[in-house]
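K.L.:
So the sequences go chain by chain: F and V.
Residue numbering for the first sequence follows the working numbering, starting at 308 and increasing by one per position.
Residue numbering for the second sequence follows the working numbering, starting at 211 and increasing by one per position.
Glycine included, C-beta positions come from ideal geometry on N, C-alpha and C.
A quick note: this is a predicted structure, and the numbers were derived from the prediction, not measured.
This is the structure I want to talk about, given as structure tokens.
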Amino acid sequence: VTDTHLLDRLDPSGAIEEAAVAAGATRRGLIAGMAGGAGLLSLGGLFSAVDADAQARPSRRRDLRIVSFALLLEQLGASFYLEAINNRTLPRTSQELLFAVTVRRDELAHVRVVRAAIRQLGGSPTPPPRFQFGETTRNIELFRETASQIENLCVFALNGAGPLVTKPTLALAARMVSVEARQAAWIDDIRNADPFPAAFDPAITLGQVAQRVNATNFVPTTVRAPRV
Amino acid sequence: MADQITLSDVDRDGALQEAMAGVEGDTRADALRKAALATGGLVGGAGVLALMTPGVAAAQSRRDVAIANFALLLEELEAAFYVEAVANNLLTDRPLQLVTTIRDHELAHVAALRQTLGSAAIPRPTFNFQGTTQELGRFLATAVALEDTGVAAYKGAAPLIRSTAILQAALSIHSVEARHAAIVRRLNQNRPVIATFDVPLTQRQVLRRVESLNFIVPAEGGA
């Protein structure tokens, strides 16, 4: 099965292709939007942090750098849940195990599609680094807390990246980000935390994403944000 | 009359129809509808121009206004639905807390969209929730349908948005709606995650779902 077929199966309604057509038709509008976009008082003010990233115009080359960075996040999630499951950290009939198994399946599928997207953008996907999760996959409380951090980070990261990429890539990211948001709410509800702390989810810059990933010490080498 | 709308008021100048036609392929019915609506085009446009500062006005497109108004319609519907359900005392404890927060979020989304749209915003519609806010089981099942539809609607609209500011706002609401969906699904004993990839809906598909619920009271005497 080639990557093209994989994307076809995942996009049966053709929404991603539709968006591609729309992207071609709205290029001029995009540029105008970027020039004046920061001015909206009520909504634009929420996102001053990511506005700096949004200055340059989306391109396939920039998509490739950003999607390659997103691959690391999906790989991190997939590896984290696999390790926790393999370590038998989560009791057999627990909500946590059902959560981990479901999310592991979804993150693996995201990894496959993100890798396919990287190839379609002319790049070659890198294998995952050797993650070091330490006690977070051995202790159920640390597991819950870390799962919440990972899922929420993915939501904020994809929300921040959305306006930086071309429309077809945005359409793909949008199909994943709501799944990440459902997962975040699910684990936060399991741990009796607030599953939706704000009426508007924050968006963070790629630099902030890299900082947060580095702060976990899960990746053995220092992660750098892609140039945008 | 002033506080009632029909669905066609959301896209008064046909901009969204036009946009969707560009990506979905036009149909004869759409073409006729566009022709019928063309005369109303100046009203919405003038409203936006009057409200926005010059720089922002340049960034606004008719399509963005139509998309924001469509989002406003969905948010108004959700907000009114939760206001009524919370007032009807269907829930207690943590479920009550969660649903009250969802209500407040929908109200915040309505306020933000109204502020952004200014005088181009559609009037507040009148709703009749057909008893779904009066019984817990029907309330939860309806909440699941509304939230999943909301997520799919924002997802379908996002790639069509031109203004970066409006896109950022739409994305930040989109993921919050997905969180809401996950939680009302859990309250309804459903799986919080439906699929590995959530599916977008076009405006047309969303309209069909919303209309099938019969929650929007038609304006008297037409638009």
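Note the first and the last residue of the continuous alpha helix (DSSP H) segment covering ALA331(V).
P.N.:
Looking at the DSSP string, ALA331(V) is not in any alpha helix (DSSP H), and its letter there is neither H nor E.
K.L.:
For a contact defined as C-beta to C-beta under 7 Å, what are the partners of LEU477(F) on chain V?
P.N.:
ALA368, PRO369, listed in chain order.
K.L.:
Looking at PRO335(V) and ILE426(V), is the spacing between their C-beta atoms short of 9 Å?
P.N.:
In this structure, PRO335(V) lies closer than 9 Å to ILE426(V) by Cβ.
K.L.:
I'd like to know whether the C-beta of PHE280(V) is nearer than 9 Å to at least one C-beta of chain F.
P.N.:
No, because no Cβ of chain F sits closer than 9 Å to the Cβ of PHE280(V).
K.L.:
If you draw a straight line from the alpha carbon of VAL309(V) to that of ILE404(V), how long is it in whole angstroms?
P.N.:
Whole-angstrom Cα-Cα distance: 20 Å.
K.L.:
Sorted by chain position, which residues of the same chain lie with C-beta nearer than 7 Å to SER386(F)'s C-beta, five sequence neighbours on each side aside?
P.N.:
PRO435, PHE438.
K.L.:
Note down, in chain order, every chain V residue with its Cβ under 8 Å from the Cβ of PRO502(F).
P.N.:
Those are LEU308, ARG389, ALA392, ILE393, listed as they occur along chain V.
K.L.:
Taking only the alpha-carbon atoms, compute the straight-line gap between LEU397(F) and THR453(F) and give it to the nearest angstrom.
P.N.:
Rounded to the nearest angstrom, the two C-alpha atoms are 14 Å apart.
K.L.:
Heavy atom of the ligand FAD less than 8 Å from the Cβ of GLY467(F), yes or no?
P.N.:
With respect to the ligand FAD, the structure shown offers nothing to examine, as it has no ligands at all.
K.L.:
Is PHE440(F) close to chain V? Criterion is C-beta to C-beta, closer than 9 Å.
P.N.:
Chain V, which has no Cβ nearer than 9 Å to the Cβ of PHE440(F), makes this no.
K.L.:
Would you verify that the beta carbon of VAL497(V) is, or is not, closer than 9 Å to some beta carbon of chain F?
P.N.:
The question about residue 497(V) has no answer here: the residues shown for chain V are numbered 211 through 433.
K.L.:
At the level of alpha carbons, what is the spacing between LEU287(V) and PHE440(F)?
P.N.:
LEU287(V) and PHE440(F): Cα-Cα distance of roughly 44 Å.
K.L.:
Tell me which same chain residues have a C-beta within less than 6 Å of the C-beta of GLN402(F), skipping the five on either side of it?
P.N.:
These residues qualify, in order along the chain: ILE497.
K.L.:
Is the shortest distance between the beta-carbon of GLY469(F) and the beta-carbons of chain V less than 9 Å?
P.N.:
GLY469(F) counts as touching chain V.
K.L.:
Please name the residues in the segment 507-529 of chain F whose beta-carbon is closer than 8 Å to at least one beta-carbon of chain V, in chain order.
P.N.:
Within the segment 507-529 of chain F, the qualifying residues are PHE507, ASP508, PRO509, ALA510.
K.L.:
Does TYR292(V) get closer than 9 Å to chain F when you measure Cβ to Cβ?
P.N.:
Output row for TYR292(V): interface = no.
K.L.:
Should GLU430(V) be labelled buried (16 or more other beta-carbon atoms within 10 Å of its own) or exposed?
P.N.:
Exposed is the call here.
K.L.:
Would GLN378(V) count as contacting chain F if we go by Cβ distances under 9 Å?
P.N.:
Chain F, which has a Cβ nearer than 9 Å to the Cβ of GLN378(V), makes this yes.
K.L.:
Less than 8 Å between the CB atoms is what I'm expecting for THR444(F) and GLU390(F), so what's the real figure, rounded?
P.N.:
The Cβ separation is near 4 Å, so the contact holds.
K.L.:
What span of residues does the alpha helix (DSSP H) with PRO475(F) cover, start to end?
P.N.:
Run containing PRO475(F): 474-497, per the alpha helix (DSSP H) assignment.
K.L.:
Under the rule that 16 or more other beta-carbon atoms within 10 Å means buried, what is ASN459(F), buried or exposed?
P.N.:
The residue in question, ASN459(F), is buried, as its Cβ has 16 or more Cβ neighbours within 10 Å.
K.L.:
In the DSSP output, which residue or residues are listed as bridge partners for PHE337(V)?
P.N.:
Its beta-bridge partners are ILE426(V).
K.L.:
Starting from ILE393(V) and walking both ways along the alpha helix (DSSP H), at which residues does that stretch end?
P.N.:
Note, ILE393(V): alpha helix (DSSP H), 374-397.
K.L.:
Buried or exposed: which applies to ASP495(F), given that a residue is buried once 16 or more other Cβ atoms fall within 10 Å of its Cβ?
P.N.:
Looking at its Cβ environment, which holds 16 or more other Cβ atoms inside 10 Å, ASP495(F) is buried.
K.L.:
ILE457(F) lies in the alpha helix (DSSP H); which residues open and close that run?
P.N.:
Where ILE457(F) is concerned, the enclosing alpha helix (DSSP H) stretches over 447-468.
K.L.:
Can you give the beta carbon distance from ALA379(V) to ALA368(V), rounded, assuming they're within the 8 Å contact cut?
P.N.:
With 8 Å as the limit, ALA379(V) and ALA368(V) do not qualify as a contact, their Cβ atoms being about 10 Å apart.
K.L.:
What is the rounded straight-line gap between the Cα of VAL293(V) and the Cα of LEU283(V)?
P.N.:
For VAL293(V) and LEU283(V), the distance between alpha carbons rounds to 15 Å.
K.L.:
Going by DSSP in three states, ALA510(F) sits in which element: helix, strand or coil?
P.N.:
Looking at ALA510(F) - three-state DSSP - the assignment turns out to be coil, as it is neither helix nor strand.
K.L.:
What is the DSSP secondary structure of VAL526(F), counted as helix, strand or coil?
P.N.:
DSSP places VAL526(F) in coil when its eight states are reduced to three.
K.L.:
What residues in its chain sit with their C-beta under 6 Å from that of ILE392(F), if we drop five residues either side in the sequence?
P.N.:
Only ALA407 meet the Cβ criterion.
K.L.:
Determine the burial state of SER366(F): buried for a count of at least 16 other Cβ atoms within 10 Å of its Cβ, exposed for fewer.
P.N.:
Its Cβ having fewer than 16 others within 10 Å, SER366(F) is exposed.
K.L.:
Please name the residues in the segment 386-410 of chain F whose beta-carbon is closer than 8 Å to at least one beta-carbon of chain V, in chain order.
P.N.:
Listed in sequence order: THR409, VAL410.
K.L.:
CA-CA distance, ASN398(V) and GLU487(F)?
P.N.:
C-alpha separation (whole angstroms): 20 Å.
K.L.:
DSSP on LEU501(F), reduced to helix/strand/coil?
P.N.:
According to the sequence displayed, residue 501(F) carries Asp and not Leu. Three-state result, ASP501(F): coil.
K.L.:
Which word fits ASP501(F), buried or exposed, when buried means at least 16 other C-beta atoms lie within 10 angstroms of its C-beta?
P.N.:
Under this definition ASP501(F) is an exposed residue.
K.L.:
Taking Cβ positions only, does ILE332(V) come closer than 9 Å to chain F?
P.N.:
Closer than 9 Å: no.
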